[in-house]
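Listed in order, the protein sequences are those of chains A and B.
For what it's worth, this note's numbering labels the leading residue of the first sequence as 1, then goes sequentially.
For what it's worth, this note's numbering labels the leading residue of the second sequence as 1, then goes sequentially.
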Amino acid sequence: MLSVETFVAISLIKTVIALFVLLTAVAYTVWLERKVVGHMQNRWGPTRVGPFGLLQPLADGVKFMFKEDLIPPHVYKPLYIAAPMLAVIFALTSIAVIPVGNSISIGGIQTSLQIADVNIGLLIVLGITSLGVYGVALAGWSSNSKYSLLGGLRASAQMVSYEIALGLSLVGVLILSGSFSLREIVDAQSGTYLGFIPRWNIFPQFIAFFIYLMAAYAETNRIPFDLPEAETELVAGYHTEYSAMKFAMFFMAEYANMITVACLASLLFLGGWHGPLFGPPLLQALLPLFWFALRIFAFLFVYIWVRGTLPRFRYDQLMGFGWKFLLPLAIANLVVTAFIVAVRS
Amino acid sequence: MLHLILFLAFGAVCVAGAINLLVQRHPINSALSLVVVMGSLAAEYLLLGAEFVAAVQVIVYAGAIMVLFVFVIMLLNAGEEERTKGSRVAMIFGIPGMLVGSLLIAWVLLEHSRTQSVAIGALPGPPKTLGWLLFHDYLLPFEVTSVLVLIAIMGAVVLAAPPESARRSD
């Protein structure tokens with residue numbers, strides 16, 4: 001048992017590291033997106049600032065901070081200011097329960113690579129992401145502009161609808177692993193089927209993974225479901241009236257949510273940090289982190305790939321797809337999984 | 001000790017949110033105060049040890065039901081509430097009435113209740129226990145409640161669906 005001081009100190013250190021890594025990852029996901037989409041469209045993407053444009057996120061950040069922070073006269077001020085903060089807070093909080101590897105021991109102190117190891121980790125992530133919709137909805141409403149309002153309405157309707165399919169797609173995984181703890185779900189995926197196929201949940205639950213993928217795009221307001229900010233009809237949707245750092249905060253929230261969704265996908269479906277371990281002890285300690293990061297990178301790459309490939313849906317198509325296709329499919333998958341598990345046990 | 005301080009602090013936030021809900025004149029501020037009430041209630045459940053109930057409270061109430069409230073307020077673009085004579089009468093009689101009522105309830109609970117008070121952290125509510133209770137010990141009430149909810153949904157669909165004549169003209 002750790003003393004209170006060491007516990008607080010360790011938690012603080014882990015929080016600082018996690019926040020630093022997450023914010024850096026957010027900045028470089030933006031860079032990756034601009035680069036990958038650029039190459040898909042036969043352009044170069046950012047090249048001017050630093051080698052391969054690698055310092056572009058830094059330059060963007062500095063630019064956002066020094067821009068004039070304009071508050072339009074017609075907005076409802078308290079909520080207009082609170083909305084981007086809510087969006088960022090909820091987007092960054094969920095990283096607290098996401099484990100990135102097994103426990104390590106430094107200087108005789110054993111600690112898990114996770115800020116808070118709770119036994120209902122998955123529910124906490126779902127709860128926090130479901131609160132994230134307030135940032136978007138309130139931004140749209142408090143801006144007092146028709147484009148913002150439409151964007152906010154679309155976003156809240158879309159996020160509430162797809163949350164159901166998203167949640168139901170995860171229940172199949174929960175039935176297979178029998179726990180809400182993200183760490184235990186990952187541990188349940190160690191080992192192999194028939195000696196060579198890894199025991200990842202994506203193989204028995206490939207329908208659930210497909211539903212999760214679709215719902216995740218809708219939850220994070222990404223193409224092909226980015227109707228809340230559809231440029232061609234809504235200017236920029238819920239953040240039309242925002243400028244400078246407040247505008248940047250919405251983007252930070254969006255990319256942080258993308259990373260959270262990618263983390264969840266790797267933990268629940270792709271076996272978390274499991275992978276071949278080899279080499280000296282130090283390399284063996286670092287390899288799980290690398291495998292986990294690789295999965296997140298792959299998931300984000302697919303995200304960006306889809307953005308560079310697919311057109312935007314029409315709004316009624318989006319709602320029809322969510323309610324009339326994904327939801328029944330998720331329920332059917334759940335019933336079949338539950339039946340098979342019940343017959344087996 | 002820390003638990004008790006946190007419990008009282010969240011209780012205070014909860015009550016403050018509830019009062020703010022009544023005082024605010026704009027519906028969206030009231031709805032957001034209700035979100036604060038739900039959130040602090042979830043924290044209270046968590047401190048009592050019922051972590052699953054706490055998480056569900058956030059997901060269902062704060063994350064889904066209140067979002068729909070806010071959605072409807074945004075959609076109708078509901079304006080500020082107007083104070084009428086009736087609302088003044090309600091204030092004059094309502095506030096003392098509410099105080100008397102809550103004192104009465106507190107007195108009854110403290111003096112005449114046979115249930116024991118719950119210690120902090122004493123409600124072990126892991127999901128497995130809860131699931132066993134719901135789907136085994138209380139299966140019939142649970143199923144009856146689900147049927148009730150289903151009937152409510154069907155009623156809403158019937159009420160919201162356009163009448164036959166309007167559908168044909170589409």
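In this text, a Cβ means the ideal position worked out from N, Cα and C, and glycines have one as well.
Any C-beta of chain A under 7 angstroms from that of residue i
{"i": "I19 (chain B)", "result": "no"}
{"i": "V70 (chain B)", "result": "yes"}
{"i": "V67 (chain B)", "result": "yes"}
8 angstroms Cβ cut-off: residues of chain A touching residue i
{"i": "V74 (chain B)", "result": "Note that residue 74 (chain B) corresponds to Met in the displayed sequence, not to Val. Here the neighbours are A137, G140, W141, L149, G152, L153 and S156."}
{"i": "E51 (chain B)", "result": "V118, N119 and I120"}
{"i": "P127 (chain B)", "result": "I120 and F180"}
Range of the contiguous alpha helix (DSSP H) that encloses residue i
{"i": "S179 (chain A)", "result": "S179 (chain A) -> no alpha helix (DSSP H), and no H or E assigned at all."}
{"i": "I109 (chain A)", "result": "Not the alpha helix (DSSP H): I109 (chain A) falls in the beta strand (DSSP E), residues I109 to L113."}
{"i": "Y212 (chain A)", "result": "F206 to E219"}
{"i": "Q56 (chain A)", "result": "Q56 to F66"}
{"i": "L294 (chain A)", "result": "P281 to T309"}
{"i": "P127 (chain B)", "result": "P127 to W132"}
{"i": "I65 (chain B)", "result": "Neither: I65 (chain B) is in no alpha helix (DSSP H) and is coded neither H nor E."}
{"i": "H112 (chain B)", "result": "K85 to H112"}
{"i": "L326 (chain A)", "result": "Here L326 (chain A) belongs to no alpha helix (DSSP H), and DSSP marks it neither H nor E."}
{"i": "M40 (chain A)", "result": "V4 to M40"}
{"i": "Y315 (chain A)", "result": "Y315 to G320"}
{"i": "A12 (chain B)", "result": "L2 to V23"}
{"i": "V60 (chain B)", "result": "No alpha helix (DSSP H) holds V60 (chain B); DSSP gives it neither H nor E."}
{"i": "K142 (chain A)", "result": "Contrary to the premise, residue 142 (chain A) reads as Ser rather than Lys in this sequence. Its alpha helix (DSSP H) spans residues V133 to S142."}
{"i": "S243 (chain A)", "result": "That residue, S243 (chain A), is in no alpha helix (DSSP H); it is neither H nor E in DSSP."}
{"i": "L32 (chain B)", "result": "P27 to L48"}
Cutoff 7 angstroms: residue i Cβ touching any chain B Cβ
{"i": "V88 (chain A)", "result": "no"}
{"i": "L126 (chain A)", "result": "yes"}
{"i": "L294 (chain A)", "result": "no"}
{"i": "V133 (chain A)", "result": "yes"}
{"i": "L182 (chain A)", "result": "no"}
Residue i, DSSP secondary structure in three states
{"i": "P363 (chain A)", "result": "Limits of chain A in this structure are 1 at one end and 345 at the other, which puts residue 363 (chain A) out of reach."}
{"i": "P224 (chain A)", "result": "coil"}
{"i": "G237 (chain A)", "result": "helix"}
{"i": "P99 (chain A)", "result": "coil"}
{"i": "Y76 (chain A)", "result": "coil"}
{"i": "P198 (chain A)", "result": "strand"}
{"i": "Y138 (chain B)", "result": "coil"}
{"i": "Y193 (chain A)", "result": "strand"}
{"i": "I71 (chain A)", "result": "coil"}
{"i": "I120 (chain A)", "result": "coil"}
Within chain E, the residues that residue i reaches when beta carbons sit closer than 9 angstroms
{"i": "A64 (chain B)", "result": "No chain E appears in the structure shown, which is made up of the protein chains A and B."}
CA nearest to the CA of residue i, picked from the options
{"i": "F299 (chain A)", "options": "A:M252, A:G279 and A:L267", "result": "A:L267"}
{"i": "G61 (chain A)", "options": "A:L310, A:S243 and A:M258", "result": "A:S243"}
{"i": "A293 (chain A)", "options": "A:T15, A:V16, A:A25 and A:V36", "result": "A:A25"}
{"i": "N77 (chain B)", "options": "A:L19, A:W141 and A:K14", "result": "A:W141"}
{"i": "V35 (chain B)", "options": "B:A12, B:Y61, B:A55 and B:G11", "result": "B:Y61"}
{"i": "G271 (chain A)", "options": "A:R295, A:V302 and A:I98", "result": "A:R295"}
{"i": "E92 (chain A)", "options": "A:T15, A:M65 and A:F313", "result": "Note that residue 92 (chain A) is Leu in the sequence shown here, rather than Glu. It is A:T15 whose Cα lies nearest to the Cα of L92 (chain A)."}
{"i": "V72 (chain B)", "options": "A:Y212, A:R154 and A:T192", "result": "A:R154"}
{"i": "A139 (chain A)", "options": "A:A9, A:F290, A:Y80 and A:G178", "result": "A:Y80"}
{"i": "I95 (chain A)", "options": "A:L19, A:S156, A:E68 and A:Q56", "result": "A:L19"}
{"i": "I17 (chain A)", "options": "A:V100, A:L54 and A:P78", "result": "A:V100"}
{"i": "V21 (chain A)", "options": "A:W305, A:N333, A:M319 and A:T260", "result": "A:T260"}
{"i": "A342 (chain A)", "options": "A:I175, A:N42, A:F247 and A:I331", "result": "A:I175"}
{"i": "T337 (chain A)", "options": "A:L277, A:S177 and A:L234", "result": "A:S177"}
{"i": "R199 (chain A)", "options": "A:M40, A:A83 and A:V186", "result": "A:V186"}
{"i": "L166 (chain A)", "options": "A:I211, A:N201, A:G50 and A:K246", "result": "A:I211"}
{"i": "F90 (chain A)", "options": "A:W291, A:T220 and A:H39", "result": "A:T220"}
{"i": "T29 (chain A)", "options": "A:A236, A:G53, A:T129 and A:P276", "result": "A:G53"}
Neighbouring residues, chain A, relative to residue i (Cβ below 7 angstroms)
{"i": "P141 (chain B)", "result": "Ordered by position in chain A, no residue passes the 7 angstroms Cβ test against P141 (chain B), which lies about 22 angstroms from the chain."}
Partner residues on chain B for residue i, Cβ-Cβ distance less than 8 angstroms
{"i": "L123 (chain A)", "result": "F52, A55, V56 and I59"}
Residue i: contacting residues in chain A (beta-carbon distance under 9 angstroms)
{"i": "I28 (chain B)", "result": "Y76, L79, L138, W141 and S142"}
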